[in-house]
């Protein structure tokens with residue numbers, strides 16, 4: 061049974077700071093993902109060194125580990141948790157069943173993420189978000205202190221797991237790796253052609269074969285990286301932020317934001333220098349130390365980004381950068397999937413075939429071009445429509461009734 065009174069929040073009820081931060085996160089995620097799209101990540105070191113304009117790639121890799129790696133999916137995860145609190149508040153205020161709406165939304169997101177993972181991009185994060193998102197309602201009755209304690213415990217569990225695995229010489233993803241190797245052997249994907257398979261692909265069937273093994277690799281990454289605990293912990297922190305409506309009370313929390321920004325940088329930046337060095341040199345101090353470095357560097361830096369964003373918004377709320385980033389942020393789902401389509405077209409053999417042929421620096425320049433195009437498209441689209449195309453479909457199926465996408469001429473939304 062549907063309730064036609066239920067609908068997404070109006071544009072006038074949105075917070076620019078959240079949309080802009082989401083747009084910022086989408087840009088950072090593209091910077092992190094596109095080296096895999098361009099197949100640069102998979103190239104043997106000697107081959108990568110011979111690419112045009114590759115002279116500064118080692119320094120750029122270090123900067124990506126220092127400033128990008130882990131930080132932007134952390135922001136995106138926090139925003140997901142905030143979104144959960146907003147949905148609960150919005151639907152409950154309108155007399156609806158908030159959990160029913162939320163679970164329907166997560167099932168649809170899982171479907172989108174699953175299709176994205178199998179057919180477009182094996183680095184998908186949406187499916188994991190949907191599955192872990194279904195656990196969020198279990199925490200909604202916790203006090204603030206217990207909620208934050210649970211979040212901190214979840215974020216630290218990976219350090220404990222990695223320490224145990226290192227001491228016991230255990231590989232928790234061994235079975236998944238074995239399945240991936242069996243699959244690759246069946247289709248002739250070898251170490252020698254791995255980095256060039258998608259570049260040499262002449263049809264989508266070859267791309268699909270690679271994406272299937274990529275989904276297994278993604279599962280391995282989630283297991284080895286203990287991503288389940290990390291993401292759920294960040295969801296809970298985001299839920300706490302949303303429950304307290306901290307994003308709507310920036311001025312009131314300005315002293316706290318200043319402390320978080322300063323503390324995050326003072327702790328996160330020097331330790332991120334060590335984390336980046338460890339990442340560049342195959343974890344010379346061991347897995348447990350590298351995992352600990354992640355914990356004490358990535359999260360403080362991400363919180364510094366978020367709090368710094370809030371402080372800048374307080375100081376200059378009309379700064380064009382916020383409205384510039386807010387447009388792609390409002391269409392985050394469409395733009396995230398759009399980046400996968402762009403990556404497939406630009407880098408794979410079924411498109412322009414630039415994969416395995418360009419440097420890391422050139423790859424990241426392409427990211428900036430793609431994002432500028434997405435920003436322009438998002439701005440033009442939102443001049444006429446209330447939601448991005450995928451956001452519109454997702455919302456209609458979530459709420460179970462027709463929702464007008466085109467903005468009314470009167471300018472007053474239903």
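Residue numbers (the numbering used here): 61 to 474. Backbone N, C-alpha and C fix where the C-beta goes; we use that ideal spot for every residue, glycine too. Because the structure is a prediction, the values reported are computed rather than measured.
| field | Boundaries of the alpha helix (DSSP H) in which residue 478 is found, first to last residue | value | Nothing in the structure corresponds to residue 478, since the chain is present only between 61 and 474.
| alpha helix (DSSP H) segment containing residue 178, residue limits | As a first step, residue 178 must be located in the chain shown, where it is residue number 118. Residue 178 -> alpha helix (DSSP H) spans 158 to 179.
| said: Taking its Cβ as the centre, do 16 or more other Cβ atoms sit within 10 Å of residue 405, making it buried, or is it exposed? | reply: By one-based count along the chain shown, residue 405 stands at place 345. When all chains shown are included, residue 405 counts as exposed.
| task | Please state if the CB of residue 418 and the CB of residue 112 are separated by a distance shorter than 9 Å. | result | Counting from 1 along the chain shown, the entry for residue 112 is found at position 52. Counting from 1 along the chain shown, the entry for residue 418 is found at position 358. Result yes, Cβ atoms of residue 112 and residue 418 sit closer than 9 Å.
| task | Assuming residue 195 and residue 292 form a contact by the criterion Cβ under 8 Å, report the distance between their Cβ atoms to the nearest whole angstrom. | result | What you label residue 195 is simply residue 135 of the chain shown in a count that begins at 1. What you label residue 292 is simply residue 232 of the chain shown in a count that begins at 1. So it is a contact: roughly 6 Å between Cβ atoms.
| query | Does DSSP put residue 121 in a helix, a strand or coil? | reply | For the purposes of this step, residue 121 is taken as residue 61 along the chain shown, with counting starting at 1. Residue 121 falls in the helix class under three-state DSSP.
| said: Let me check understanding here. Comparing Cα to Cα, which of 159, 248, 407 lies closest to residue 273? | reply: Your numbering for residue 273 matches position 213 in the chain shown. The shortest Cα separation from residue 273 among 159, 248, 407 belongs to 248.
| request: Could I get the ranges of all uninterrupted alpha helix (DSSP H) runs contained in the segment 239 to 292, with 4 residues as the minimum, in chain order? | output: 257 to 260, 264 to 284
| field | Cβ neighbour criterion (16 or more within 10 Å) applied to residue 155 | value | Here residue 155 refers to the residue found at position 95 of the chain shown. By the neighbour-count rule (16 or more Cβ atoms within 10 Å), residue 155 is not buried but exposed.
| said: Rounded to whole angstroms, what is the Cα-Cα separation between residue 412 and residue 267? | reply: Along the chain shown, read from residue 1 onward, the residue named residue 412 stands at position 352. Along the chain shown, read from residue 1 onward, the residue named residue 267 stands at position 207. Going by the C-alpha atoms only, they are around 14 Å apart.
| field | residue 189, enclosing alpha helix (DSSP H) - first and last residue | value | Position 129 of the chain shown, counted from the first residue, corresponds to residue 189. Taken as a continuous stretch (DSSP letters only), the alpha helix (DSSP H) holding residue 189 covers 186 to 193.
| Does the distance from the C-beta atom of residue 173 to that of residue 192 stay below 9 Å? | As a first step, residue 173 is located in the chain shown; it is residue number 113 there, counting from the start. As a first step, residue 192 is located in the chain shown; it is residue number 132 there, counting from the start. No; because the gap between Cβ atoms is not below 9 Å, this pair is not in contact.
| Which value, in whole angstroms, describes the spacing of the CA atoms of residue 110 and residue 286? | Residue mapping note: residue 110 aligns to position 50 of the chain shown, counting from 1. Residue mapping note: residue 286 aligns to position 226 of the chain shown, counting from 1. Distance between the alpha carbons of residue 110 and residue 286: 35 Å.
| task | Please state if the CB of residue 448 and the CB of residue 393 are separated by a distance shorter than 9 Å. | result | On the chain shown, position 333 is the one that residue 393 refers to. On the chain shown, position 388 is the one that residue 448 refers to. Yes.
| query | Mind checking whether residue 275 and residue 178 have CB atoms under 9 Å apart? | reply | On the chain shown, position 215 is the one that residue 275 refers to. On the chain shown, position 118 is the one that residue 178 refers to. Yes, they are a contact pair.
| field | C-alpha distance - residue 454 paired with residue 165, whole-angstrom precision | value | Indexing the chain shown from 1 puts residue 454 at position 394. Indexing the chain shown from 1 puts residue 165 at position 105. Each residue's alpha carbon lies about 7 Å from the other.
| Between residue 93 and the rest of its own chain, which residues show a CB-CB distance below 6 Å, the 5 nearest in sequence each way excluded? | For the purposes of this step, residue 93 is identified with residue 33 of the chain shown, where counting begins at 1. Excluding residues within five positions, the ones whose Cβ falls inside 6 Å are 183.
| task | Pick out whichever of 278, 442, 315, 336 has its Cα sitting closest to the Cα of residue 119. | result | As a working mapping, residue 119 is identified with position 59 in the chain shown. Taking only the C-alpha atoms, the option nearest residue 119 is 336.
| query | Taking DSSP as the reference, what is the three-state secondary structure of residue 61? | reply | Numbered from 1 along the chain shown, position 1 holds the residue referred to as residue 61. Residue placement at residue 61 is poorly supported in this model, since its pLDDT is 41, which falls under 50; the coordinates are not used for a value here.
| request: Assign residue 360 to buried or exposed, taking buried as 16 or more other Cβ atoms, counted over all protein chains shown, within 10 Å of its Cβ. | output: The sequence position of residue 360 within the chain shown is 300, counting from 1. It is buried - the Cβ of residue 360 has at least 16 other Cβ atoms within 10 Å.
| query | If we count Cβ pairs, one from each stretch, closer than 8 Å, do we get three or more for the segment 293 to 308 versus the segment 123 to 143? | reply | yes
| So residue 457 packs on residue 126, CB below 8 Å; how close in whole Å? | Taking the chain shown and counting its residues from 1, the one referred to as residue 457 is at position 397. Taking the chain shown and counting its residues from 1, the one referred to as residue 126 is at position 66. Contact flag wrong, Cβ pair sits at about 40 Å.
| task | Flag this pair as yes or no: are the beta carbons of residue 373 and residue 363 separated by less than 9 Å? | result | For the purposes of this step, residue 373 is identified with residue 313 of the chain shown, where counting begins at 1. For the purposes of this step, residue 363 is identified with residue 303 of the chain shown, where counting begins at 1. Cβ distance not < 9 Å, so residue 373 and residue 363 don't count as in contact.
| message | Does residue 440 pass the burial test, meaning 16 or more other C-beta atoms within 10 Å, or should it be called exposed? | response | As a first step, residue 440 must be located in the chain shown, where it is residue number 380. Exposed is the call here.
| Residues sharing a beta bridge with residue 445, DSSP | Position 385 of the chain shown, counted from the start, is the residue given in the question as residue 445. Partner(s): 466.
| message | Only counting the same chain, and skipping five residues up and downstream in sequence, which positions put a Cβ closer than 6 Å to that of residue 468? | response | To locate residue 468, count along the chain shown from 1; it is residue 408. Taken in chain order, the list of residues that qualify is empty.
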